[in-house]
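Undergrad:
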Amino acid sequence: MTRLKIAIQKSGRLAEKSLGLLERSGLSFARSKDKLFWYGRNLPVDLLLVRDDDIPRLLLEGVCQLGIVGENVALEKVLENRRRRPEARLEPMLKLEYGHCRLMLAIPEDEEFQGPGQLQGRRLATSYPFLTRQYLDTHGVEADIVPLNGAVEIAPSLGTADAIVDLVSTGTTLRANHLKAVDEVLDSQAALYRTPGTLDPDNEALLAKLLTRIQGVQQAAETKYVMLHAPRDRLAEISDLLPGAESPTVLNLEGQSDRVAVHAVCTEQVFWEHLEELKAAGASAVLVLPVEKMLA
Ligand code: PRT
Ligand code: ZN
Numbered sequence: 217m218t219r220l221k222i223a224i225q226k227s228g229r230l231a232e233k234s235l236g237l238l239e240r241s242g243l244s245f246a247r248s249k250d251k252l253f254w255y256g257r258n259l260p261v262d263l264l265l266v267r268d269d270d271i272p273r274l275l276l277e278g279v280c281q282l283g284i285v286g287e288n289v290a291l292e293k294v295l296e297n298r299r300r301r302p303e304a305r306l307e308p309m310l311k312l313e314y315g316h317c318r319l320m321l322a323i324p325e326d327e328e329f330q331g332p333g334q335l336q337g338r339r340l341a342t343s344y345p346f347l348t349r350q351y352l353d354t355h356g357v358e359a360d361i362v363p364l365n366g367a368v369e370i371a372p373s374l375g376t377a378d379a380i381v382d383l384v385s386t387g388t389t390l391r392a393n394h395l396k397a398v399d400e401v402l403d404s405q406a407a408l409y410r411t412p413g414t415l416d417p418d419n420e421a422l423l424a425k426l427l428t429r430i431q432g433v434q435q436a437a438e439t440k441y442v443m444l445h446a447p448r449d450r451l452a453e454i455s456d457l458l459p460g461a462e463s464p465t466v467l468n469l470e471g472q473s474d475r476v477a478v479h480a481v482c483t484e485q486v487f488w489e490h491l492e493e494l495k496a497a498g499a500s501a502v503l504v505l506p507v508e509k510m511l512a
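Residue numbers for the sequence shown follow my numbering, beginning at 217 and rising by one.
(1) Can you find the residues in the same chain that come closer than 7 angstroms, C-beta to C-beta, to residue 245, ignoring five residues on each side of it along the sequence?
(2) Which whole-angstrom value is the C-beta distance of residue 346 and residue 296, which I expect to be below 8 angstroms?
(3) Which two residues bound the contiguous beta strand (DSSP E) that contains residue 253?
(4) Any idea if residue 394 is buried or exposed, counting beta-carbon neighbours within 10 angstroms, 16 or more meaning buried?
(5) Could you please go through the chain and list the residues whose beta-carbon is closer than 6 angstroms to any non-hydrogen atom of ligand 2?
(6) Buried or exposed for residue 511, going by 16 or more other Cβ atoms inside 10 Å?
(7) Say the cut is 7 angstroms; is the CB of residue 342 nearer than that to a heavy atom of ligand 1?
(8) Taking 7 angstroms as the line, does the beta carbon of residue 455 fall inside it for any heavy atom of ligand 1?
(9) For residue 371, collect the residues of the same chain with a Cβ closer than 8 angstroms to its Cβ; drop the 5 residues on either side in sequence, then sort them by chain order.
(10) In terms of residues, what are the limits of the beta strand (DSSP E) holding residue 370?
(11) At 3 residues or longer, and completely inside the region 348-429: list those beta strand (DSSP E) runs for me, N to C.
(12) Mind checking residue 288: buried by the 16 CB within 10 Å criterion, or exposed?
(13) Over what stretch of residues does the alpha helix (DSSP H) that includes residue 490 continue unbroken?
(14) Would you tell me roughly how many angstroms separate the C-alpha atoms of residue 176 and residue 405, rounded to the nearest one?
(15) My guess is that residue 259 and residue 243 are in contact by the Cβ rule of under 8 angstroms, so how many angstroms apart are they, rounded?
(16) DSSP state of residue 464, grouped into three classes?
(17) Do the region 319-335 and the region 439-454 touch if we need at least three Cβ pairs shorter than 8 angstroms?
(18) When you compare each of 422, 374, 247, 309 to residue 407 by their alpha carbons, which one comes out closest?
(19) In whole angstroms, give me the CA-to-CA distance for residue 449 and residue 498.
(20) What do you reckon, is the C-beta of residue 401 under 7 angstroms from a heavy atom of ligand 1?
(21) Closest by CA to residue 451, which one among 477, 334, 272, 368?
(22) Does the Cβ of residue 365 lie closer than 7 angstroms to at least one heavy atom of ligand 1?
(23) Going residue by residue through the region 430-458, where are the continuous alpha helix (DSSP H) segments of at least 4 residues, counting only ones entirely within it?
(24) Might you give, ordered along the chain, the residues of its own chain that have their beta carbon closer than 7 angstroms to the beta carbon of residue 475, omitting 5 neighbours on each side?
(25) If the criterion is Cβ atoms closer than 8 angstroms, does the pair residue 261 and residue 426 meet it?
(26) Could you spell out where the beta strand (DSSP E) holding residue 264 opens and where it closes?
(27) In whole angstroms, what is the alpha-carbon distance linking residue 397 and residue 304?
(28) Confirm the yes/no value for this check: CB of residue 288, any heavy atom of ligand 1, distance under 7 angstroms.
(29) Which residue marks the beginning of the alpha helix (DSSP H) containing residue 272, and which one marks its end?
(30) Any heavy atom of ligand 1 inside 7 angstroms of the beta-carbon of residue 388?
(31) Candidates 334, 311, 424: which alpha carbon is nearest residue 403's?
(32) Three-state secondary structure (DSSP) at residue 248?
Here is the structure:
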């Protein structure tokens with residue numbers, strides 16, 4: 217069996233979270249500050265630290281077996297690679313719930329948007345020429361794409377483009393440049409990808425094991441362990457308010473016959489949605505604890 221390689225971003229918006237996720241999944245690496253390659257200490261899994269733009273190609277060429285990258289970059293690079301390899305394809309194995317952003321069409325804020333049709337014959341600046349072309353094609357629009365590697369948002373004020381397609385998270389950058397987002401090209405987040413081909417059975421087994429672990433850590437991040445006191449006669453109601461938990465643990469409270477302690481596992485979102493109802497049902501002494509890992 218050969219060692220597996222996982223590619224993640226060396227530095228940038230996804231770097232820290234990606235490394236953290238792998239470490240919480242039980243992978244430990246011999247860190248070396250300046251090197252691009254970190255040797256896996258406890259499993260035959262090594263890390264490759266690269267620019268995010270290189271990750272899709274490393275996966276497509278089978279240099280790395282796993283990689284974490286934004287869906288925006290994965291899709292753009294797959295489309296770019298299709299010129300040489302029409303069969304190029306990368307499917308996310310797992311969306312990772314960080315690095316959220318949207319690839320948006322943005323136009324000057326004083327212009328009205330009537331639909332993608334108005335882009336006909338105009339110039340569009342973007343760092344995502346292939347996704348932009350796909351967007352224009354779906355709307356049957358022909359426009360000039362001006363590929364830029366950075367500072368896309370200043371293109372309209374410089375007069376090099378009429379509109380842009382760029383990533384947006386808070387929208388501050390667009391506002392600062394007197395632009396407004398008018399249509400979504402892609403909704404994106406960081407995702408875990410694998411190399412398209414099949415690996416030898418040992419490596420496939422290791423890859424499956426890693427996937428289970430990463431899923432467990434990721435699920436735990438959204439999950440809370442909730443402990444509360446509840447009136448015994450409203451237990452059913454309280455259990456219903458904590459769905460997602462397998463049957464909750466119910467414990468006697470010393471010296472209190474009418475109240476019990478309830479322990480349950482549920483998602484943080486469900487918990488917040490039902491907090492008021494839990495209180496109305498007589499819940500008290502509510503404690504919410506983080507869950508480190510969840511294994512089936
Ligand atoms: O050096 P390397 O090539 O590895 O990194 P990079 O500079 O290409 O990428 P990086 O680290 O900036 O982003 C990595 C990934 O993070 C992107 O591919 C996206 O998947 C994701 N991401 C999430 C974002 C943003 N949010 C984001 N806001 N990437 C870029 N931005 C830009 C945006 O284009 C705008 O210019 O950040 C600026 C601020 O955005 P606002 O809307 O908050 O003002
Ligand atoms: Zn990049």
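Just so you know, even glycine gets a beta-carbon here, dropped at the ideal spot from N, CA and C. Please read these numbers as outputs of a predicted model, since none were measured by experiment.
TA: Taking the definition as stated:
(1) Within the sequence shown, residue 245 is the residue found at index 29, counting from 1. So the list reads 254, 255, 256, 257, 263, once near-sequence residues are dropped.
(2) Indexing the sequence shown from 1 puts residue 346 at position 130. Indexing the sequence shown from 1 puts residue 296 at position 80. Their Cβ separation, rounded to whole angstroms, is 5 angstroms, which keeps residue 346 and residue 296 in contact under 8 angstroms.
(3) Along the sequence shown, read from residue 1 onward, the residue named residue 253 stands at position 37. It spans 253-256 - the beta strand (DSSP E) in which residue 253 sits, taken as one unbroken run.
(4) Taking the sequence shown and counting its residues from 1, the one referred to as residue 394 is at position 178. Exposed: under 16 other Cβ atoms inside 10 Å.
(5) 267, 268, 269
(6) Looking up residue 511 in the sequence shown gives position 295. It counts as exposed.
(7) As a first step, residue 342 must be located in the sequence shown, where it is residue number 126. Checking every heavy atom of ligand 1 against the Cβ of residue 342, none is found closer than 7 angstroms.
(8) Walking along the sequence shown from the start, residue 455 turns up at place 239. Result no, Cβ not under 7 angstroms from ligand 1.
(9) If you number the sequence shown from 1, residue 371 lands on position 155. Excluding positions up to five away in sequence, the list reads 341, 362, 364, 377, 380.
(10) The sequence position of residue 370 within the sequence shown is 154, counting from 1. From DSSP, residue 370 is part of no beta strand (DSSP E); its letter is neither H nor E.
(11) 360-363, 379-384, 395-404, 406-410
(12) Translated into the one-based positions of the sequence shown, residue 288 becomes position 72. Classification of residue 288: buried, given that the 10 Å Cβ count is 16 or more.
(13) Position 274 of the sequence shown, counted from the start, is the residue given in the question as residue 490. Residue 490 -> alpha helix (DSSP H) spans 484-496.
(14) Summary: the structure shown does not reach residue 176, with the chain confined to residues 217 through 512, and so no result is reported for it.
(15) The residue you call residue 259 lines up with position 43 of the sequence shown. The residue you call residue 243 lines up with position 27 of the sequence shown. Contact flag correct, Cβ pair sits at about 6 angstroms.
(16) Along the sequence shown, one-based indexing puts residue 464 at 248. DSSP places residue 464 in coil when its eight states are reduced to three.
(17) no
(18) One-based indexing of the sequence shown puts residue 407 at position 191. When the alpha-carbon of residue 407 is set against those of 422, 374, 247, 309, the nearest one is in 309.
(19) Residue numbering aside, residue 449 sits at position 233 when the sequence shown is read from its first letter. Residue numbering aside, residue 498 sits at position 282 when the sequence shown is read from its first letter. Roughly 10 angstroms between the two C-alpha positions.
(20) Against the sequence shown, residue 401 aligns to sequence position 185. Flag unset: Cβ of residue 401 not near ligand 1.
(21) Locating residue 451 in the sequence shown gives position 235, where the first residue counts as 1. Taking only the C-alpha atoms, the option nearest residue 451 is 477.
(22) Mapped onto the sequence shown, residue 365 falls at position 149. Not under cutoff, so the answer is no.
(23) 451-457
(24) If you number the sequence shown from 1, residue 475 lands on position 259. Cβ neighbours of residue 475 beyond the five flanking positions: 445, 446, 447, 448, 469.
(25) Numbered from its first residue, the sequence shown carries residue 261 at position 45. Numbered from its first residue, the sequence shown carries residue 426 at position 210. Taking 8 angstroms as the Cβ cut-off, residue 261 and residue 426 qualify as a contacting pair.
(26) Within the sequence shown, residue 264 is the residue found at index 48, counting from 1. 261-266 is the span of the beta strand (DSSP E), which, as asked, contains residue 264.
(27) Looking up residue 397 in the sequence shown gives position 181. Looking up residue 304 in the sequence shown gives position 88. Roughly 31 angstroms between the two C-alpha positions.
(28) Taking the sequence shown and counting its residues from 1, one reaches residue 288 at position 72. Yes, the Cβ of residue 288 comes within 7 angstroms of a heavy atom of ligand 1.
(29) In the sequence shown, counting from the first residue as 1, residue 272 sits at position 56. Taken as a continuous stretch (DSSP letters only), the alpha helix (DSSP H) holding residue 272 covers 271-276.
(30) The sequence position of residue 388 within the sequence shown is 172, counting from 1. For ligand 1, at least one heavy atom lies less than 7 angstroms from the Cβ of residue 388.
(31) Taking the first residue of the sequence shown as 1, we reach residue 403 at position 187. For the residues 334, 311, 424, the minimum Cα distance to residue 403 belongs to 311.
(32) Translated into positions along the sequence shown, residue 248 becomes position 32. Looking at residue 248 - three-state DSSP - the assignment turns out to be coil, as it is neither helix nor strand.
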